[in-house]
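Notes for the one structure printed next.
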Amino acid sequence: MLALLLALTSAHSALAQAPSLDKGRQQLERIGALLDTPQDDAALQDARNTVLKIQTQAEQASAERAPQLQALDARLAELGEAASGQGQEAADITRERRSLQQQRSELDAELRQAKLASVESAQLLDRIAAARQQTFHDQLFERTTPPWSLRFWRGLAENGDRDEQRVDSLWHDTLDAVAARWRSGPVRSAAYLGLALLVAVVVGWFGARKVPKLVGRHIPPGRLRRSAPAVARVLLSTLAAWWIVVLLDLALLPSSPPAAVAQLAALAGGLLVFAVFVTALGTVLLAVRSPSWRLPAISDEGARALSWLPLAAALAMVVATLPQRIGALVNVSLPLAMALTALAALVPALVVLWTLLRIHRLLRATGAAQDAAGTDTQPHFKPWINIVLGIGWTGVAVCLLGLLTGYVALAGFVAMQMLWTLVVLATLYLGMRFVDDLACAVFGAQGLAGRRIEHRFGLNPRHADRVAVVLSAVLRLVLALLGLIALAMPYGAGGEDLIARALGLARGISIGQLVLSPAGVVRAVAVFLLALGMFHLAKRWLDRRYLPTTALDPGMRASVVALFGYAGVVAAVAMALAAIGVGLERIAWIASALSVGIGFGLQAIVQNFVSGLILLAERPVKVGDWVSVGDAEGDIRRINVRATEIQTGDRTTVLVPNSELITKAVRNRTYSNAEGLVKIVLPMPLATDADLVRELLLQAFREHPGILEAPAPSVLIDGISDKGQVVFNASGFVATPRQAAGVRSALLFEILRRLRQFDIRMV
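Numbered by numbering that gives the first Met the number 0, the letters in the sequence shown go through residues 0 to 762 in order.
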């Protein structure tokens with residue numbers, strides 16, 4: 000009954016929201032028809048806002064109806080199929096089934112309509128974005144009367160009275176609003192103004208003198224000690240500017256000013272905050288007064304040559320933006336709008352031109368000094384300055400040519416883009432330096448969090464450094480993405496569209512039925528690391544706690560641990576693929592697809608891998624065995640996935656492919672018996688007392704502590720050589736073949752000493 004009540008409520012809600020969805024789809028159709036004709040950017044922005052609201056409504060309706068439809072399907076599944084014969088089912092069950100089926104049909108239709116509205120909204124948003132970009136390009140490459148033409152100035156003079164009246168009207172409205180605010184509360188307005196002045200003085204003094212000292216006192220030595228004060232000063236200056244703007248707004252404007260005055264105040268306040276940000280950013284990067292705090296690789300002469308650039312760039316951007324926005328606010332005539340656009344192109348272009356000339360003069364003076372002295376000095380800038388100079392000269396040339404030929408909009412856009420790009424790149428540089436220094440200082444091996452993690456979890460310091468480097472890379476990647484969005488915003492694509500596209504990529508990329516998204520990838524990596532850590536702990540417990548309690552030899556224990564480790568890695572990979580949406584059946588298809596590549600290019604790798612598994616399972620050789628493979632002879636130290644490590648007697652390690660140990664002849668000296676043989680062949684003259692020599696050899700073998708008593712040492716005569724010599728063959732066993740060479744050498748020394756003692760000659 001609860002499910003039935005839920006279904007009834009859902010159906011009622013669906014019917015109630017149906018008219019709004021129908022109305023939304025009608026609005027979408029009208030907007031789509033309007034896009035067939037050219038529209039200005041303001042109309043396109045309004046259409047975009049409307050489509051966004053409809054899309055949000057459709058997605059919300061779709062999210063609400065989907066679980067309701069599932070509830071109805073579950074209830075219908077409980078009721079089952081209708082009986083085929085008459086009288087075989089109760090009447091109330093039949094009525095309930097019909098009612099639920101009708102509700103399901105209506106709800107399914109509503110769900111389909113909501114999904115269709117969502118899809119149409121997405122398509123319209125793409126069309127609107129394309130139309131805005133097309134409008135931007137049309138306006139950008141529109142040719143008008145050049146500023147040097149008399150017709151340009153004639154049109155400006157003809158519309159001068161009209162434009163002056165509109166600007167004066169806005170100016171008088173602003174003065175009236177300020178006067179009204181001052182008359183209503185002069186004391187309060189004066190207090191706000193004094194507070195704004197106090198904030199400016201205190202923040203300017205505190206940020207310039209106290210912040211570096213405080214940071215240097217509380218931050219340990221390192222790169223963060225230089226980047227943190229820079230970021231702190233920029234943020235503090237920007238926050239203070241925003242606070243001053245708020246205080247000025249409270250001091251000068253009434254609670255409900257005219258719409259044009261409010262827009263003017265918001266524009267002026269935003270430009271003031273932006274100008275303070277640009278000035279503070281350039282000041283901390285150049286650090287003319289404190290060269291030791293300078294982050295970029297710029298010499299003192301280079302920093303002094305560019306010291307005026309931050310303030311000049313900020314003022315140029317304000318001068319280029321504020322008159323244009325005021326002109327659009329009061330709807331000035333087209334000639335005045337073109338004149339303001341020309342001003343917006345000329346002022347930034349002159350700032351860039353003056354900067355290029357100062358850099359060129361500095362580099363030329365440095366080159367002349369180097370030629371006179373005959374020595375090379377430290378460069379003022381990095382080699383990237385040549386690229387910057389080339390782009391700057393090209394941009395200035397485009398701006399001047401655009402002003403001369405009538406492409407005023409193009410000239411203004413290029414001029415502003417040069418300064419805007421400079422500001423964005425400088426912000427990215429400071430942000431990336433700060434996040435890199437912060438991640439390494441906090442999560443590195445020497446950082447506060449890194450040391451605590453190492454102390455609590457017993458991790459290797461290198462792991463903490465790796466985490467810090469990866470975290471720094473992720474943060475810098477996010478900053479780079481934001482920087483690309485900021486750089487692309489002026490090119491006809493609004494910031495909302497770019498952010499929406501970025502979020503769309505974040506939601507996932509469909510590859511067939513598989514959806515790859517950053518969240519899914521992070522989840523898969525987390526599952527893989529967690530599973531790998533659990534298997535590592537189980538492997539260590541198996542190696543250190545459980546297997547030593549069994550009767551298995553060390554070689555067999557090493558094989559079991561290695562096989563368990565390989566199985567754990569395979570299981571962790573399978574769990575990670577399952578977390579990202581790749582099931583076992585898809586893994587089988589992937590393995591089938593990879594089999595072709597394995598057959599052609601990975602034969603040796605797969606052969607060695609399978610051979611390694613055979614070595615671990617069949618154990619013809621094991622860790623600790625003394626083997627001979629070709630020219631390599633020594634102890635097996637480790638059996639890896641691809642090759643086996645053999646340590647020879649001279650302490651070198653030979654890597655032998657696993658397939659060599661399976662397909663070729665291998666001498667395993669410790670396969671069935673761990674004892675080693677010491678064998679000495681001694682040729683003696685035919686006249687030598689054989690019994691005496693035999694007794695001397697046996698006595699030397701028995702007295703050596705390394706020779707085993709069982710099997711007992713023996714001395715045999717192999718025969719008489721062609722040179723008339725008796726060949727004695729003495730042998731004995733040691734505990735391990737690794738001792739054979741040393742024991743044999745010691746026995747030879749002792750045997751020679753005893754032969755000389757009894758005056759027995761070998762020749």
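For each residue, glycine too, the CB sits at the ideal point set by N, CA and C.
Just so we're clear, the structure is a prediction, and the values are computed from it rather than from any experiment.
Self-check item: Paired residues, beta bridge with Leu654 - DSSP
Solution: Taking the first residue of the sequence shown as 1, we reach residue 654 at position 655. The partner list for Leu654 (beta bridge, DSSP) reads Glu644.
Quiz item: Does the distance from the CB of Leu747 to the CB of Ile679 come in under 8 Å?
Solution: Taking the first residue of the sequence shown as position 1, residue 747 is located at position 748. Taking the first residue of the sequence shown as position 1, residue 679 is located at position 680. It is a contact, given that the beta carbons lie within the stated cut-off.
Exercise. Jot down the residue ranges of each uninterrupted alpha helix (DSSP H) in the stretch 210 to 251, minimum 4 residues, whole runs only, in chain order.
Key: 210 to 217, 223 to 251
Practice problem: Measure from the alpha carbon of Ala302 to the alpha carbon of each residue in Arg47, Ala367, Leu361, then state which is nearest. | Solution: Taking the sequence shown and counting its residues from 1, the one referred to as residue 302 is at position 303. Closest option to Ala302, Cα to Cα, is Leu361.
Exercise. Within 10 angstroms of the Cβ of Ile719, are there 16 or more other Cβ atoms? Answer buried if so, exposed if not.
Key: As a first step, residue 719 must be located in the sequence shown, where it is residue number 720. Burial call: exposed.
Quiz item: In the DSSP assignment, what are the bridge partners of Gln724?
Solution: Walking along the sequence shown from the start, residue 724 turns up at place 725. Answer by DSSP bridge pairing, in chain order: Pro684.
Quiz item: Comparing alpha-carbon positions, which option in Gln59, Val677, Pro684 lies nearest Ala711?
Solution: Counted from its first residue, the sequence shown places residue 711 at position 712. Ala711 has its Cα closest to that of Val677, out of Gln59, Val677, Pro684.
Exercise. Classify Lys381 as helix, strand or coil using the three-state DSSP reduction.
Key: As a first step, residue 381 is located in the sequence shown; it is residue number 382 there, counting from the start. DSSP places Lys381 in coil when its eight states are reduced to three.
Quiz item: Where do the N-terminal and C-terminal ends of the beta strand (DSSP E) with Leu715 fall, by residue?
Solution: By one-based count along the sequence shown, residue 715 stands at place 716. Unbroken beta strand (DSSP E) run through Leu715: 713 to 719.
Quiz item: So does the stretch 178 to 194 actually touch the stretch 238 to 250, counting three or more Cβ pairs closer than 8 Å?
Solution: yes
Quiz prompt | Own chain residues within Cβ distance below 7 Å of Ile218, not counting five before or after | solution = Locating residue 218 in the sequence shown gives position 219, where the first residue counts as 1. If we look at Ile218 and ignore the five residues flanking it on each side, its Cβ neighbours are Arg224, Ala227.
Quiz item: For Leu541, which residues of its own chain have a beta-carbon under 8 Å away from its beta-carbon, when the five flanking residues on both sides are left out?
Solution: Position 542 of the sequence shown, counted from the first residue, corresponds to residue 541. Taken in chain order, the residues that qualify are Val559, Val560, Phe563.
Self-check item: Simplified DSSP assignment, three categories, for Leu174
Solution: Position 175 of the sequence shown holds residue 174. Of the three classes helix, strand and coil, the one that applies to Leu174 here is helix, per DSSP.
Self-check item: C-alpha gap between Thr320 and Val275, whole angstroms
Solution: For the purposes of this step, residue 320 is identified with residue 321 of the sequence shown, where counting begins at 1. For the purposes of this step, residue 275 is identified with residue 276 of the sequence shown, where counting begins at 1. Their Cα atoms are separated by approximately 15 Å.
Self-check item: Rounded separation between Asp721 and Arg637 - CA only
Solution: Here residue 721 is taken as the residue at index 722 of the sequence shown, counted from 1. Here residue 637 is taken as the residue at index 638 of the sequence shown, counted from 1. Rounded to the nearest angstrom, the two C-alpha atoms are 48 Å apart.
Self-check item: Collapsed DSSP secondary structure at Lys663 in the structure displayed
Solution: By 1-based counting over the sequence shown, the position of residue 663 is 664. In the structure shown, Lys663 sits in coil (DSSP, three-state: anything other than H, G, I, E or B).
Quiz item: CB-CB under 6 Å to Met337, same chain, minus the five flanking residues each way: which ones, in chain order?
Solution: Along the sequence shown, read from residue 1 onward, the residue named residue 337 stands at position 338. Contacts found: Thr143, Val407.
Quiz prompt | Neighbourhood of Asp248 by C-beta distance below 7 Å, restricted to the same chain and skipping five residues each side | solution = On the sequence shown, residue 248 is found 249 positions in, with the first residue counted as 1. Contacts found: Ala264, Gly268.
Quiz item: Do the stretch 117 to 128 and the stretch 378 to 396 make contact, defined as three or more Cβ pairs closer than 8 Å?
Solution: no
Practice problem: Would you give the residue range spanned by the alpha helix (DSSP H) that Trp152 belongs to? | Solution: Locating residue 152 in the sequence shown gives position 153, counting from the first residue. It spans 149 to 157 - the alpha helix (DSSP H) in which Trp152 sits, taken as one unbroken run.
Quiz item: Using DSSP with H/G/I as helix, E/B as strand and the rest coil, what is Trp770?
Solution: The structure shown does not extend to residue 770, since the chain is modelled only from 0 to 762, so the question has no answer here.
Quiz item: Taking the C-alpha atoms as reference points, what is the distance between Val772 and Val477?
Solution: Within the shown structure, residues of the chain are numbered from 0 to 762, placing residue 772 beyond reach of any answer.
Practice problem: Quick one: grab the DSSP three-state call for Ser627. | Solution: As a working mapping, residue 627 is identified with position 628 in the sequence shown. It is a strand residue.
Quiz item: Does the distance from the C-beta atom of Ile635 to that of Val622 stay below 8 Å?
Solution: Reading the sequence shown from its first residue, position 636 is the one you call residue 635. Reading the sequence shown from its first residue, position 623 is the one you call residue 622. In contact: Ile635 and Val622 (Cβ atoms closer than 8 Å).
Quiz item: Mapping DSSP to helix, strand and coil, what is Asp649?
Solution: Walking along the sequence shown from the start, residue 649 turns up at place 650. Three-state DSSP puts Asp649 in coil, outside helix and strand.
Quiz item: Do we get a CB-CB distance below 8 Å when we pair Val626 with the residues of chain C?
Solution: You won't find chain C in this structure, because it holds only one protein chain.
Exercise. Identify, in the order they occur along the chain, each residue of the same chain with its Cβ nearer than 7 Å to the Cβ of Leu339, setting aside the five sequence neighbours on each side.
Key: Mapped onto the sequence shown, residue 339 falls at position 340. Result list for Leu339: Pro322, Gln323, Gly326, in chain order.
Quiz item: By Cβ distance, which residues of its chain are closer than 6 Å to Leu681, with the 5 residues on each side in sequence left out?
Solution: Here residue 681 refers to the residue found at position 682 when the sequence shown is read from its first residue. Cβ within range, chain order: Phe727.
Quiz item: Do the CB positions of Thr237 and Ala178 come within less than 8 Å of each other?
Solution: One-based indexing of the sequence shown puts residue 237 at position 238. One-based indexing of the sequence shown puts residue 178 at position 179. No, they are not a contact pair.
Quiz item: Pairing CB atoms from the stretch 687 to 703 with CB atoms from the stretch 639 to 650, are three or more of them under 8 Å?
Solution: no
Exercise. Tell me, please, which residues DSSP counts as bridged to Phe732.
Key: Taking the first residue of the sequence shown as position 1, residue 732 is located at position 733. According to DSSP, Phe732 bridges with Leu676.
Self-check item: With 16 other Cβ atoms within 10 Å as the buried cut-off, status of Gln59
Solution: Locating residue 59 in the sequence shown gives position 60, where the first residue counts as 1. Gln59 comes out exposed.
Quiz item: Quick one: what does DSSP say Glu80 is sitting in, helix, strand or coil?
Solution: The sequence position of residue 80 within the sequence shown is 81, counting from 1. Looking at Glu80 - three-state DSSP - the assignment turns out to be coil, as it is neither helix nor strand.
Exercise. Tell whether a beta-carbon distance below 8 Å holds between Phe757 and Leu691.
Key: Taking the first residue of the sequence shown as 1, we reach residue 757 at position 758. Taking the first residue of the sequence shown as 1, we reach residue 691 at position 692. Yes, the pair counts as a contact, with Cβ atoms nearer than the cut-off.
Quiz item: Taking DSSP as the reference, what is the three-state secondary structure of Leu400?
Solution: Within the sequence shown, residue 400 is the residue found at index 401, counting from 1. Helix at Leu400.
Quiz prompt | Glu96 (DSSP reduced to helix, strand or coil) | solution = Here residue 96 refers to the residue found at position 97 when the sequence shown is read from its first residue. In the sequence on display, residue 96 carries Arg and not Glu. In the structure shown, Arg96 sits in a helix (DSSP, three-state: H, G or I).
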